[in-house]
Amino acid sequence: MNKKTVINNLGKIMSVEAVFMLVPMLVALFYGEYRDTLYFGGTIAVTIVFALLFTRAKGSSLNPRDGYVIVASAWLIISLIGAVPLYLTGAFPNYISALFEIISGFTTTGASVMPEPGVLGHGMLFFRSFSHWIGGMGVLVFVLMILPMENDSSMHLIRAEVPGPTAGKLVPRMKSTSRILYGIYSALTIALVIVLKILGMPLFDAFCYAFGTAGTGGFSICSEALGVYHSNAIEIAIGIGMLLFGINFNVYYMILLGKIKDAFKNEEVRVYFGIIAFAVVSICVNIYHMIGSLPDALRLSFFQVASIMTTTGFSTADFATWPQFSQHMLVFLMIVGACAGSTAGGFKVSRVIILWKSFISEIKRAINPKQMMPIRVNGSVVDIKTLQSAKVYCAVYFIIVCLSVLLLSLNELDFTTNVTAVLACFNNIGPGLALVGPTANYSVYSAPSQLLLSLLMLTGRLEIFPMFCLFAKSAHDR
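Here the sequence shown stands for residues 1 to 478, numbered as in the numbering used here.
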């Protein structure tokens, strides 16, 4: 590993985080929250000092191993820094809880240890929601957009950060790719802010909920969440927004190029909406007897499915009280997640497609061993490397879930709480069931368990491999 190169790039990332933190600092200043303004200002100043020291280290070009180490280290560092202003507010019992909160923000999980977010000032609330927006597209994608870097080095970083089994180039140069991604991301976010404002949401709230929707995060700014607005129109708008941000951003780029037919032929997108349609209808039928109104049952079903499938985590109903079928369906959606290359978490629809087609191929090969059965997605043959990666990811995924549930059992909480807490954090969703349901929070867990869940959020957001590479001895050998 080229340590000087890694340190230099971490310095650049720290400087970008300092710039990002200026935004909530200005919000705090605007609302006259001078204590919080000082907390942000002090954190920014210290971060800039370390960033300048780190960027003095000069190294050579990045290799794939360096890319994984930089990405994992960067997410750890931005989280450790981001937790400081939150902890200084005194709203959290310890630094671990503040770290849990900001990791949940950056990884777009939306799990919280705060029973009442409203105790925080406007600046801190904005920071929590803004962390979703920053983490949704990826901090390093933004770094690649604004800072000079060799194209090969850029590709190593974006492959390690962009979610999904593959990270193809949109255009020949990664700097242009990053600008396109953030351009689409920003345009959709601004459009949602405008829609929410038109529908009657205050501008500050509109920004916070648009950030949470765009990053598929799910932090609310008050304990009543979206219910405080008593608006079905706002609920539907955010539901549609969540679905749009759960789509692979490559599809939006194809639409910009005028390849609309090709965009709608995307196999992953079609399966994604197929699962959503089936889940919405089946849950609607299942909860109809509880709700008593078909339009209301359909609306509640649609919103909860959209929220869980895209791993956003907003809730407009306590689905922990729904029939078992509906709860099990939502847990299934927690695991599947949305599309690769989106801001959402989860296993990803593309991996489900690849593994399902691999299963069918194995059955056909068992019947006729001489028959060649290439696996195709969107008409293209899936290469052996991608197929192998999907299978390994699946195996490691379930091993991590099982071990994590076992460790959480030391808290002596019930099985449903522990399993759904692990799935919700690992898949970057937020709410689970039972004691971590949509009307509860994660304060029931001890500090060590919150730290474990924080690591699960980071591991899930970076899709396992970068975090393991960070701690692998071979990654640090010269």
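All C-beta atoms in this analysis are idealised placements derived from N, C-alpha and C, irrespective of residue type, glycine included.
Beta-carbon proximity list for residue i, same chain, < 6 Å, skipping 5 on both sides
i: T108; result: H132, G135, G136, G215, T216, G217, N428
i: L300; result: A317
i: F75; result: Note that residue 75 is Trp in the sequence shown here, rather than Phe. Counting only Cβ-Cβ distances below 6 Å, and skipping sequence neighbours, we find L458.
i: A263; result: V251, M254, I255
Option nearest residue i by Cα separation, candidates the options
i: I354; options: T343, R365, P374, I367; result: P374
i: K52; options: I7, V69, F20; result: The question names Lys, yet the displayed sequence has Leu at residue 52. Nearest of I7, V69, F20 to L52, Cα basis: I7.
i: Y87; options: R128, N368, Y68; result: R128
i: P323; options: S301, V349, N286, L452; result: N286
i: Q207; options: L199, T213, V193; result: The sequence given here places Phe at residue 207; Gln does not occur at that position. If we check each option's Cα against that of F207, V193 comes out closest.
i: Y393; options: I184, I464, G292; result: I464
i: G346; options: Y442, F332, S358; result: F332
i: M201; options: D262, A225, I234; result: I234
i: I240; options: L203, D66, A191, S454; result: A191
i: M290; options: S315, R351, F319; result: F319
i: T310; options: D296, F273, P295; result: F273
i: L330; options: A338, I367, I283; result: I283
i: A83; options: V71, S73, A98; result: A98
i: S404; options: R56, A390, L455, K364; result: L455
i: C339; options: N418, A366, I247; result: I247
i: R35; options: A72, A57, P85; result: P85
i: F398; options: A366, V336, T386; result: V336
i: F325; options: S350, L29, Y288; result: Y288
i: P115; options: C222, V71, T321; result: C222
i: L244; options: V228, A279, A297, S342; result: S342
i: G138; options: F471, L462, K391; result: L462
i: A18; options: F50, L29, L470, F249; result: F50
i: F54; options: I77, L38, Y39, Q388; result: I77
i: F249; options: S73, A279, L188; result: L188
i: F468; options: Y31, V71, T37; result: V71
Identity of the residues DSSP links to residue i by a beta bridge
i: R351; result: Paired residues: none, contrary to the question.
i: R376; result: V381
Buried or exposed (CB count within 10 angstroms, at least 16 for buried), residue i
i: K12; result: buried
i: L406; result: exposed
i: W356; result: exposed
i: L10; result: buried
i: Y185; result: buried
i: A277; result: exposed
i: T439; result: exposed
i: R65; result: buried
i: Q327; result: buried
i: K259; result: exposed
i: N94; result: exposed
i: I384; result: exposed
i: S220; result: buried
i: P466; result: buried
i: E33; result: buried
i: K348; result: buried
i: D414; result: exposed
i: P295; result: exposed
i: V69; result: buried
i: R56; result: exposed
i: S79; result: buried
i: L203; result: exposed
i: C402; result: exposed
i: L257; result: exposed
i: A297; result: buried
Close-in-space but distant-in-sequence residues of the same chain around residue i (CB under 7 Å, 5 per side omitted)
i: V27; result: H122, G123, F126
i: P172; result: Any reading at P172 must be qualified, since the residue scores a pLDDT of 41, below 50, and its modelled position is unreliable; the value itself is stated next. Hits under 7 Å: none found.
i: L120; result: T89, A91
i: S361; result: M373, I375
i: F130; result: V23, P24, F211
i: I308; result: L330, L333, M334, I429
i: L199; result: S231, A233, I234, A237
Spatial neighbours of residue i in its chain, beta-carbon cut-off 8 Å, leaving aside the 5 residues before and after
i: Y442; result: F100, A111, S112, V113, A421, V436, Q450, L453
i: N378; result: K265, N266, E267, E268
i: N411; result: N418, V444, Y445, S446, S449
i: A424; result: T109, A111, G313, M334, G430, P431, G432, V436
i: A395; result: none
Contact test: residue i Cβ vs the ligand GTP heavy atom, cutoff 7 Å
i: L408; result: For the ligand GTP, the structure offers nothing, since it holds no ligand at all.
* Could you tell me whether the stretch 103 to 123 touches the stretch 42 to 51, where touching means 3 or more Cβ pairs closer than 8 Å? => As far as the Cβ criterion goes, the stretch 103 to 123 does not touch the stretch 42 to 51, which means the pair count is below three.
* Taking one C-beta from the stretch 262 to 271 and one from the stretch 295 to 308 each time, how about it: are there three or more such pairs within less than 8 Å? -> The answer is no - the stretch 295 to 308 does not touch the stretch 262 to 271, with fewer than three Cβ pairs under 8 Å.
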